[in-house]
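For what it's worth, the numbering used here labels the leading residue of the sequence shown as 466, then goes sequentially. I have placed the structure first, in the form of structure tokens, so that the comments after it can refer back to it.
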Amino acid sequence: MTDDDPTVPIVCAECETTSRVPLDDVGDAVDRHNDRLHDGEAIAEVDPALKEQLADLVVEDLGLLDDEGPPS
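Here's what the structure looks like:
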């Protein structure tokens, strides 16, 4: 991993921890944490604020809030 590789914030409210992992490793990192510390229960997750930002960008990009609907 280089300094230019994107990282994603992972938070665990139960452990009160936050970490950043490379984008390519997000799913595995969350799964490992939850398997190891929470018996597989989905506690740790991508930072909810980031998920909300991404959802807003997708909605905007698809034009879902426009009166005309998504671009064709």
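Backbone N, C-alpha and C fix where the C-beta goes; we use that ideal spot for every residue, glycine too.
Here Leu515 is not near Cys480, since their CB atoms are 9 Å or more apart. One Cα belongs to His498, the other to Asp490, and the distance between them is close to 12 Å. Looking at the DSSP output, Pro487 sits in a beta bridge with Thr472. For Val511, DSSP records a beta bridge to Ile475. Less than 9 Å separates the beta-carbon of Thr472 from that of Val486.
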